[in-house]
Structure formats: structure tokens, C-alpha cells
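Scroll down for the structure; my scribbles are underneath it.
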Amino acid sequence: GAVVSQHPSWVICKSGTSVKIECRSLDFQATTMFWYRQFPKQSLMLMATSNEGSKATYEQGVEKDKFLINHASLTLSTLTVTSAHPEDSSFYICSAERIGDSEQFFGPGTRLTVL
Amino acid sequence: RKEVEQDPGPFNVPEGATVAFNCTYSNSASQSFFWYRQDCRKEPKLLMSVYSSGNEDGRFTAQLNRASQYISLLIRDSKLSDSATYLCVVKRRILTGGGNKLTFGTGTQLKVEL
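Residue numbers (this note's numbering), protein chains in the order written: chain A, 822 to 936; chain B, 507 to 620.
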């Protein structure tokens, strides 16, 4: 149990396009989901905290108008990278905090490459 | 100063060696502590929680010193399959909005060789 999926697992797009990444908790509900970004040889950096039914909370330095987060249900959060540029190329990972015990489970990540 | 600091390595050790990783954290409000393992191009996976009393899981032993804000991980009898990046992680409650925030160290890379 406690599986989190992400879709797509990888995407290559042209500069200027928008990319949507989905994060789903498959067998549990999560009031809170988190979005991280990881550049090569660096650690995971929290981008934003997503709470079901309310606006996401963004970490300092993360542009909320560029990284749109929607958490419309207890099993789904989406991250949209708007007008993507090559510097947005990274590994995007979500995690979902299970209701009840607050344990966090990570998705397998989405590798974004912007040409 | 980063909230969680680790030596990035890499640590190159022969199979069968014992290796120790250290980590320090700066936020005294941190409530829970973990070691995660991350393989190349994969998501991090929980290795073990860390407690002040220390805990052991097979070849892995973790220890927390709250007074000095220091966390350690010891791996005995290293296997080739232990090669990965080990991430020190601290968790604290988010005061507004709910949820618990995980803060990751930069990770220490381990390479176990024949």
C-alpha cells in the first residue's frame, strides 16, 4: 500500500510551452502534498506545499505564477510549469502526506527537459 | 548556513567495509529525523527513522544527538548494492496551513567497490 504515482515520468518540450505534471495517491488520501525540484548533483528542494481545497504555499524564490499548483481532491495534485524555459529542466518529485499518521510517500518523479 | 548539512562525498569504500555518515541540522524546532536513500534518477526512499536512543536495522545503525543537533548513520559490512546517495532529512510541523515539512540535506554519495 501507500503508492504515489506521477505522470508523465518524463517529458521533453520546446521553450515557451506549458507542461502539466500529475501526482496521485493511489491507495490513501492526502490533505497535503508537496512538490520538490532536484537539479543534477543537488538535493531535493521544496518548491511548494499544496493543501486540498486551498491555495498552495510557495517557498521563497519560487514564482507562484510560473509554477501553478492545483489540489482539487484528496488524491490528486497537479503542477503546471508555465512558459517553460531550459533553466526549468529538472527532476520534479511530489510527495503525499497520508491522513492519519502523517507519513509522507514519494512519487517516482518526472524528468522535464526543455529545449 | 543550510538547514541540513552533510559531507557530499563521494565515499569510495571496498566491499565489507564499515562506513559512517554525519549530518547536522540548525533548526531546533525539528521534530523527526530520517535517513533516505536515493539511487540515480530515482525518487528518495525511506531507509530508517532516527531516534535519540539509537536504532538498528540489520547492517544499518542510526543515532540522533539532540543537544548537538547531530545525526549519524553507520553501515556495516558494505555491499555493492549499498552504492547510492544517502540523504539526511529533518521534519517539522508547518505552523500555517498544516502538514509537515521535510528538509533534505545535499546527500552523501557512497560507492562500494569490489
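Using N, Cα and C, we set each Cβ at its ideal position, and we do this for glycine too.
Chain B within 8 Å of Pro829 of chain A, Cβ atoms only: No, Pro829 of chain A does not count as interfacial toward chain B.
Test: Glu562 of chain B CB closer than 8 Å to a CB of chain A: Taking Cβ atoms only, chain A never reaches closer than 8 Å to Glu562 of chain B, which makes this a no.
8 Å Cβ cutoff, Asn872 of chain A in contact with chain B: By this cut-off, Asn872 of chain A is an interface position.
Residue range of the unbroken beta strand (DSSP E) whose run includes Phe849 of chain A: For Phe849 of chain A, no beta strand (DSSP E) run applies, since DSSP gives it neither H nor E.
Backbone secondary structure at Ser555 of chain B - three-state DSSP: Correct three-state label for Ser555 of chain B: strand.
Residues sharing a beta bridge with Lys617 of chain B, DSSP: Answer by DSSP bridge pairing, in chain order: B:Asn518.
Residue environment, Asp563 of chain B, which counts as buried when at least 16 other CB atoms sit within 10 Å: Under this definition Asp563 of chain B is an exposed residue.
Three-state secondary structure assigned by DSSP to Leu900 of chain A: DSSP, reduced to helix, strand and coil, places Leu900 of chain A within a strand of the structure shown.
Buried versus exposed call for Val840 of chain A [16 or more other C-beta atoms within 10 Å across all chains shown]: Val840 of chain A is classed as buried because its beta carbon has at least 16 other beta carbons within 10 Å across all chains shown.
Chain-order list of residues whose beta-carbon lies under 6 Å from that of Pro528 of chain B (same chain, five-residue window excluded): Reading off the sequence shown, one finds Asn at residue 528 of chain B, where the question assumed Pro. Ser578.
DSSP bridge partner residues for Lys607 of chain B (one or two, in chain order): Looking at the DSSP assignment, Lys607 of chain B forms a beta bridge with B:Arg598.
Residues that Lys617 of chain B contacts on chain A, provided the C-beta gap is smaller than 8 Å: In chain order: nothing, as chain A lies at least about 14 Å away.
Trp541 of chain B to Leu601 of chain B span [Cα, whole Å]: The C-alpha of Trp541 of chain B lies about 24 Å from the C-alpha of Leu601 of chain B.
Proximity winner among A:Ala851, A:Phe926, A:Ala905 and A:Ser830, relative to Arg932 of chain A (alpha-carbon distances): With respect to the C-alpha of Arg932 of chain A, the residue from A:Ala851, A:Phe926, A:Ala905 and A:Ser830 having the closest C-alpha is A:Ser830.
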